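Enquirer:
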Ligand SMILES: [Zn+2]
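Numbering (full-length UniProt numbering), first residue to last: 1 to 263.
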């Protein structure tokens, strides 16, 4: 692994950290209008990153075993979400926030607000996975890395906006909420460093991590985010958002081919 790869990984993880501040930094008015499109954009980038970059690279590295790892991570996420009743990548939170009702987001437990601590811990675990995925993708190729980094950062935006709304609704101050979300977002560094160091000893690690990321991106994109496209008024901005996300990754994919790169 060269110094350039390591630099790219940490720049991407740093940008992902900034995404944690989205809820407090972007204007409320802009969010109210644009959040549904942002959720759709995230679904488009995640799903195209899965099928064009992440899974093909995972299969190249690990053969058919990649599908078993991807499937296992998809099923594990479904079970975790079912057990916790917690939509981690809560498009609902985004939708609730967009309509000015952050309190509406209670994960199917009416009247029982999510504890900030539980929210932050599950966020931290998720971000370790995101950081690992970004590192593994940059290790296999720059375009897989960029596609994965885009997919990670873009899907964190609506997530972090929802989390910010929840912390504020739980009575946290603006500064405390942003500090906590930024810090939790930076746990991605742990995942990234783990993969960068781990592959030195276990070269198959990067393919396995990519396969797991493929399964979880597929779950988040198809199960958590995509159904939002069919919900509520003003479906056009969501369809446009979805197609823009898709075209971003498709464009990246073909730009790399024309540049005569890996592929
Ligand atoms: Zn994420």
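Virtual Cβ for every residue (Gly too), placed ideally from N, Cα, C.
From a predicted model like this one, the values you see are computed outputs, not experimental measurements.
Classify residue 2 as helix, strand or coil using the three-state DSSP reduction.
Expert: As a first step, residue 2 is located in the chain shown; it is residue number 2 there, counting from the start. In this structure, residue 2 counts as coil in the three-state DSSP scheme.
Enquirer: At what residues does the alpha helix (DSSP H) containing residue 318 begin and finish?
Expert: The structure shown has nothing for residue 318, since the chain only spans 1 to 263.
Enquirer: With 16 other CB atoms within 10 Å as the buried threshold, where does residue 236 fall?
Expert: Numbered from its first residue, the chain shown carries residue 236 at position 236. By the neighbour-count rule (16 or more Cβ atoms within 10 Å), residue 236 is not buried but exposed.
Enquirer: Exposed or buried, which one is residue 36 when buried takes at least 16 other CB atoms within 10 Å?
Expert: By 1-based counting over the chain shown, the position of residue 36 is 36. Classification of residue 36: buried, given that the 10 Å Cβ count is 16 or more.
Enquirer: Three or more C-beta pairs closer than 8 Å, one from the stretch 10 to 25 and one from the stretch 177 to 196: is that the case here?
Expert: Yes: the two stretches touch, three or more of their Cβ pairs being nearer than 8 Å.
Enquirer: Does any heavy atom of ligand 1 sit closer than 7 Å to the C-beta of residue 80?
Expert: Here residue 80 refers to the residue found at position 80 of the chain shown. Checking every heavy atom of ligand 1 against the Cβ of residue 80, none is found closer than 7 Å.
Enquirer: State yes or no: is the C-beta of residue 70 within less than 8 Å of the C-beta of residue 135?
Expert: As a working mapping, residue 70 is identified with position 70 in the chain shown. As a working mapping, residue 135 is identified with position 135 in the chain shown. No, Cβ-Cβ distance for residue 70 and residue 135 is not below 8 Å.
Enquirer: Could you have a look at residue 127 and say whether DSSP puts it in helix, strand or coil?
Expert: Residue mapping note: residue 127 aligns to position 127 of the chain shown, counting from 1. Looking at residue 127 - three-state DSSP - the assignment turns out to be helix.
Enquirer: Examine ligand 1 and report whether any of its heavy atoms sits within less than 7 Å of the Cβ of residue 130.
Expert: Residue numbering aside, residue 130 sits at position 130 when the chain shown is read from its first letter. Yes, since a heavy atom of ligand 1 falls inside the 7 Å radius drawn around the Cβ of residue 130.
Enquirer: DSSP three-state call for residue 216: helix, strand or coil?
Expert: Position 216 of the chain shown holds residue 216. Residue 216 falls in the helix class under three-state DSSP.
Enquirer: On the three-pair Cβ rule with 8 Å, is the stretch 47 to 60 touching the stretch 156 to 170?
Expert: Judged by Cβ distances under 8 Å, the stretch 47 to 60 makes no contact with the stretch 156 to 170, as fewer than three pairs qualify.
Enquirer: To the nearest angstrom, report how far apart residue 256 and residue 228 are at their CA atoms.
Expert: Counting from 1 along the chain shown, the entry for residue 256 is found at position 256. Counting from 1 along the chain shown, the entry for residue 228 is found at position 228. If I take the Cα positions, the gap works out to 31 Å.
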